[in-house]
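Worksheet for the structure shown next.
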Amino acid sequence: MKTLIQVLAVFCSSLILITSCSKEDVNVADVENYISESVFHLERECNAGRMGCFEFVWPLTITFPDGSSGTFSDQEALRFGIQTWKEANPEATERPQLSFPLDIIDEEGTLFTIMDRDELRSIVQECRRTYFQNNGHRGHPRNSCFTIVFPVSIDFPNDGVIAFDTKEDLKAAMRDWRENNQEISERPGLVFPITIELKETEEQTVINSEEELKQLKEDCRG
Numbered sequence: 455m456k457t458l459i460q461v462l463a464v465f466c467s468s469l470i471l472i473t474s475c476s477k478e479d480v481n482v483a484d485v486e487n488y489i490s491e492s493v494f495h496l497e498r499e500c501n502a503g504r505m506g507c508f509e510f511v512w513p514l515t516i517t518f519p520d521g522s523s524g525t526f527s528d529q530e531a532l533r534f535g536i537q538t539w540k541e542a543n544p545e546a547t548e549r550p551q552l553s554f555p556l557d558i559i560d561e562e563g564t565l566f567t568i569m570d571r572d573e574l575r576s577i578v579q580e581c582r583r584t585y586f587q588n589n590g591h592r593g594h595p596r597n598s599c600f601t602i603v604f605p606v607s608i609d610f611p612n613d614g615v616i617a618f619d620t621k622e623d624l625k626a627a628m629r630d631w632r633e634n635n636q637e638i639s640e641r642p643g644l645v646f647p648i649t650i651e652l653k654e655t656e657e658q659t660v661i662n663s664e665e666e667l668k669q670l671k672e673d674c675r676g
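Here is the structure:
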């Protein structure tokens with residue numbers, strides 16, 4: 455009888471351990487899936503990232519389903535921020551949304567400060583890339599394949615060329631320019647040459663023109 459009780463005790467302990475581990479595995483998988491799906495949909499709305507026509511101008515601000523918001527310096531920080539929020543809100547199923555205004559840059563180095571979703575749709579619809587319509591978030595590339603190395607110079611219509619040492623300074627200047635030049639159809643643009651850093655190799659290279667930047671984006675898509 456004593457042996458039977460011991461066997462049952464071991465069995466129950468093992469069952470509890472297996473159940474606990476399975477639950478933990480499911481939770482980890484749920485969180486990772488939530489992160490990937492959230493980033494995919496944020497990029498899809500802007501047709502941004504490695505497979506899209508645009509890139510985010512970081513830092514990027516998003517609004518979480520509970521009304522809180524976060525500002526993130528790059529995609530790694532964005533993923534970590536979404537992970538932290540999801541772990542604190544494990545039952546949440548709604549995804550975070552883009553906050554406006556936001557800033558994006560196209561394949562030719564033209565910069566856009568976008569005030570709302572209607573304006574975003576009108577700009578993004580000019581992009582002919584169909585990756586986001588034909589694919590889901592599973593297997594989606596996690597990062598852009600390059601970053602722009604600062605300092606950079608931007609040619610602002612009416613204001614001329616201005617150099618920026620940080621992405622935060624650039625973002626603030628773009629917002630100010632947009633607020634003060636709402637009737638101008640021209641957009642600010644990168645002044646070439648620029649230096650970029652490839653994420654996989656950390657190698658830096660000089661991009662001399664819009665054409666070279668477009669080719670770089672094309673090469674990134676593979």
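Using the numbering used here, the first residue of the sequence shown is number 455, and each one after it goes up by one. Just so it is clear, CB atoms sit at the ideal spot from N, CA and C, and this is done for glycine as well.
Exposed or buried, which one is residue i when buried takes at least 16 other CB atoms within 10 Å?
| i | result |
| --- | --- |
| S492 | buried |
| R575 | exposed |
| E656 | exposed |
| N487 | exposed |
| R675 | exposed |
| S598 | buried |
| V615 | exposed |
| E509 | buried |
| G506 | buried |
| V511 | buried |
| P642 | buried |
| I638 | exposed |
| G521 | exposed |
| Q636 | exposed |
| G606 | Checking the displayed sequence, the identity of residue 606 turns out to be Val instead of Gly. Buried: at least 16 other Cβ atoms inside 10 Å. |
| P550 | buried |
| T567 | buried |
| E497 | buried |
| E561 | buried |
| F610 | buried |
| F740 | Any property of residue 740 remains undetermined from this structure, which presents the chain solely from 455 to 676. |
| Q669 | exposed |
| F534 | exposed |
| Q658 | exposed |
Could you give the DSSP three-state label for residue i: helix, strand or coil?
| i | result |
| --- | --- |
| T473 | Legend: pLDDT at T473 = 47, less than 50; position of this residue unreliable, no value from coordinates given. |
| G676 | coil |
| F465 | Residue placement at F465 is flagged as unreliable, the pLDDT there being 48, under the threshold of 50; the coordinate-derived value follows with that caveat. Helix at F465. |
| S607 | strand |
| Q669 | helix |
| A483 | helix |
| I559 | strand |
| I489 | helix |
| Q551 | strand |
At which residues does the alpha helix (DSSP H) containing residue i begin and terminate?
| i | result |
| --- | --- |
| A445 | The chain is shown from 455 up to 676; residue 445 falls before or after that span and cannot be answered. |
| V511 | Counting along the chain, V511 falls outside any alpha helix (DSSP H), and DSSP gives it neither H nor E. |
Looking at the secondary structure, which residues open and close the beta strand (DSSP E) in which residue i lies?
| i | result |
| --- | --- |
| E651 | 648-652 |
| D572 | No beta strand (DSSP E) contains D572, which is instead part of the alpha helix (DSSP H) from 571-578. |
| I638 | It is not in any beta strand (DSSP E) - I638 carries neither H nor E in the DSSP assignment. |
| V615 | 614-618 |
| T659 | 658-661 |
| T567 | 565-568 |
| query | Going along the chain, which unbroken runs of the beta strand (DSSP E) with 3 or more residues stay wholly within the stretch 493-542? | reply | 508-510, 514-517, 523-526
| With contact counted as at least three CB pairs below 8 angstroms, one residue from each stretch, are the stretch 648-665 and the stretch 598-607 in contact? | yes
| the stretch 562-579 touching the stretch 496-504, judged by at least three CB pairs closer than 8 angstroms | yes
| Does the stretch 553-572 come within contact of the stretch 627-635, defined as at least 3 CB pairs closer than 8 angstroms? | yes
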